[in-house]
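Structure first, then comments.
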Amino acid sequence: MNMGLTDNNNTTEGDYRTILVVDDEPDVCEYVTIVAEGVGFEATSITDGRSFASSYSRHFDCIVLDLTMPGMDGIELIRFLADNKSSASIILMSGVDSTILHSAEQLAKHHGLNIVGALKKPVSVDDLEKHLERVPHAHSQIAAPFRKTNAPIVDGPTETELREAIANKQLLLHYQPKINMSDGSLAGVEALVRWQHPEKGMIPPIAFIPLAEETGLIEELTTQVTEMAIEQCAEWLRQGERIKVAFNMSAKSLTDLDFPDHVWEAAKERGIDPSLVAVELTETAIVTELNRSLDILTRLRMKGFHLAIDDFGTGYSSMQQLQNLPFDELKIDQSFVKNAANDEEARKIIESTVELGHKLNMEVVVEGIEDKELWDVLRDCGCNQAQGFWMARPMPAGDILKWRDEWKLEE
Ligand code: C2E
Ligand code: MG
Ligand code: MG
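Start counting the sequence shown at -16; every next residue gets the next number (the numbering used here).
Dropping the structure here:
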């Protein structure tokens, strides 16, 4: 352990991760350090916020930040990290009430920082370990330039590479089970796109969907995804399995009035009943161009496709929009779910969202269930379906039936 701030130069090399603990209470620094070292971090700690700026290094994989400190408080440090385009995973910690903690978390997110979570003191070893486990290894299986950070992408994919990838069919879908919370049965699957790059390995959607949207390549990407997802649904049907498949549509497709016809054609060609297909659209997508959105979404529903509002809680859709738009499924964003086990407010938001969804005749789905405790809490909140790493990570289509046959909900 090191109680003064030292700049660690070899931190991103090797297998271990590095962590900086900032808290004015030496006991807390020591406690966090011990837990972090226990799960493989090399820790540095600092008890004076004022020395933070002068000695800050970009090399830390994780920063644990106390919000209330004399000298320079956590909010100022957040601003500092944002100005310096920090790509570290950040865990906020504080004894202040959870509303303030939550606002600070939102502020940090709006600044584009990579927030792993906000913990209310006293923090249990269990909670701390869980959060630390979410910090990616600098050299994890995902190539560094594709990590989900706000750091400038120095070696990200170019438009030409992506165009070639689409033309050469390097995009593929993984499927994540959606599970009925009442009995643990398989409710359907969500198709999630990946790019199988010949040299760089598997690239996650976060690293190329924005590029596809900026360059207009998203149209071709969505067409491929639609066809692959519906084709897979047809393949399962040929095996005698009716598995409902959902895929994600980009906000950009909300300007394409022919989109519902394309999806319809893709289903008809393969003999797929639209009720086996769901289209997911993020909440942030629907606010612009409401008339066009309404036209496209209503036609999709009229043709019999299911329609889900994704990442609900991250956008600003009004009650009226929710009532007017023909969604029949509401997916609560992971950010609320993550804290539901120990944050009363997060749970209250979920409960009211479930109630709202049910009153508007929507199935309510939760994403981001990472342990059994969360499963129990979210089921008690009245959610209908769940997705999450605890039950199943996204997987190749060929693994789904095996997973279904082996998965059992342990009560
Ligand atoms: P999404 O539609 O909300 O998909 C859920 C994301 O949460 C997936 O990430 C999934 O792997 C991840 N996830 C599921 N369970 C857990 C969990 O328990 N813990 C955590 N930490 N994560 C979990 P993925 O596959 O990286 O996709 C990210 C986003 O990229 C998607 O979010 C969606 O918005 C977008 N996306 C994926 N495929 C497509 C696509 O074909 N077209 C478009 N336009 N967007 C896509
Ligand atoms: Mg989705
Ligand atoms: Mg989502």
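The C-beta atom is built at its ideal place from N, Cα and C for all residues, glycine as well.
{"Asked": "Local Cβ density within 10 Å of Q179, reported as buried at 16 or more and exposed below that", "Found": "exposed"}
{"Asked": "Cutoff 6 Å; reference Y299; Cβ partners in own chain excluding five residues on either side", "Found": "none"}
{"Asked": "Helix, strand or coil at W178 [DSSP, three-state]", "Found": "strand"}
{"Asked": "Three CB pairs or more closer than 8 Å across the region 105 to 116 and the region 80 to 92", "Found": "no"}
{"Asked": "Close beta carbons around W219, own chain, < 6 Å, minus the five adjacent residues each side", "Found": "I226"}
{"Asked": "Counted within 10 angstroms of its Cβ, other Cβ atoms place M302 as buried (16 or more) or exposed", "Found": "exposed"}
{"Asked": "Where the beta strand (DSSP E) through R0 begins and ends", "Found": "R0 to V5"}
{"Asked": "3 or more residues per run - each beta strand (DSSP E) lying fully within the region 193 to 247", "Found": "228 to 231"}
{"Asked": "Segment contact, 8 Å Cβ cut-off, at least three pairs: the region 240 to 250 with the region 194 to 210", "Found": "yes"}
{"Asked": "Own chain partners of I332 with C-beta closer than 6 Å, once the 5 adjacent residues on each side are dropped", "Found": "F319"}
{"Asked": "Helix, strand or coil at Q153 according to DSSP, with G and I counted as helix", "Found": "coil"}
{"Asked": "Nearest-angstrom Cα separation, counted from E338 out to V349", "Found": "14 Å"}
{"Asked": "DSSP three-state assignment for K104, whether helix, strand or coil", "Found": "coil"}
{"Asked": "N163 - partner residues in DSSP beta bridges", "Found": "Q368"}
{"Asked": "Proximity of E394 and N367 at Cβ, strictly below 7 Å", "Found": "no"}
{"Asked": "Reduced DSSP secondary structure (H/G/I, E/B, other) of V97", "Found": "According to the sequence shown, residue 97 is Asn rather than Val. Note: N97 maps to strand in three-state DSSP."}
{"Asked": "Minimum length 4: unbroken alpha helix (DSSP H) runs contained in the region 254 to 314", "Found": "273 to 285 and 302 to 307"}
{"Asked": "Contacts around L305, its chain only, beta-carbon distance under 7 Å, and the 5 residues preceding and following it disregarded", "Found": "L343"}
{"Asked": "C-beta atoms of L64 and A101 nearer than 7 Å", "Found": "no"}
{"Asked": "Three-way DSSP call (helix, strand, coil) for V118 in this model", "Found": "coil"}
{"Asked": "heavy atom of ligand 2 below 6 Å from D256 C-beta", "Found": "no"}
{"Asked": "P9 classed as buried or exposed, judged by whether at least 16 other C-beta atoms fall within 10 angstroms", "Found": "exposed"}
{"Asked": "heavy atom of ligand 2 below 6 Å from E263 C-beta", "Found": "yes"}
{"Asked": "Check whether L280 and P309 have beta carbons under 7 Å apart", "Found": "yes"}
{"Asked": "CA-to-CA distance, G223 to K131, given in whole angstroms", "Found": "Caution applies to K131, whose pLDDT of 37 falls short of 50 and renders its modelled position unreliable; the model cannot decide the point."}
{"Asked": "Cutoff 8 Å; reference G381; Cβ partners in own chain excluding five residues on either side", "Found": "none"}
{"Asked": "Three-way DSSP call (helix, strand, coil) for I383 in this model", "Found": "helix"}
{"Asked": "Pair within 7 Å by beta-carbon distance, R0 and V99", "Found": "no"}
{"Asked": "G54 to Y39 span [Cα, whole Å]", "Found": "16 Å"}
{"Asked": "Through-space distance from D44 to A126, alpha-carbon basis", "Found": "Residue confidence for A126 is low, a pLDDT of 35 falling below 50, so the modelled location carries little weight; the figure read from the coordinates is stated next. When rounded, the distance between both Cα atoms is 15 Å."}
{"Asked": "Heavy atom of ligand 1 within 6 Å of P379 beta-carbon", "Found": "no"}
{"Asked": "Alpha-carbon spacing of P181 relative to S72, whole angstroms", "Found": "29 Å"}
{"Asked": "Paired residues, beta bridge with G184 - DSSP", "Found": "H180"}
{"Asked": "Cα-Cα separation, H157 to D49", "Found": "38 Å"}
{"Asked": "Same chain only: Cβ atoms within 8 Å of N163, ignoring 5 sequence neighbours per side", "Found": "L169, A170, N367 and Q368"}
{"Asked": "Rounded C-alpha distance that separates L200 from V22", "Found": "42 Å"}
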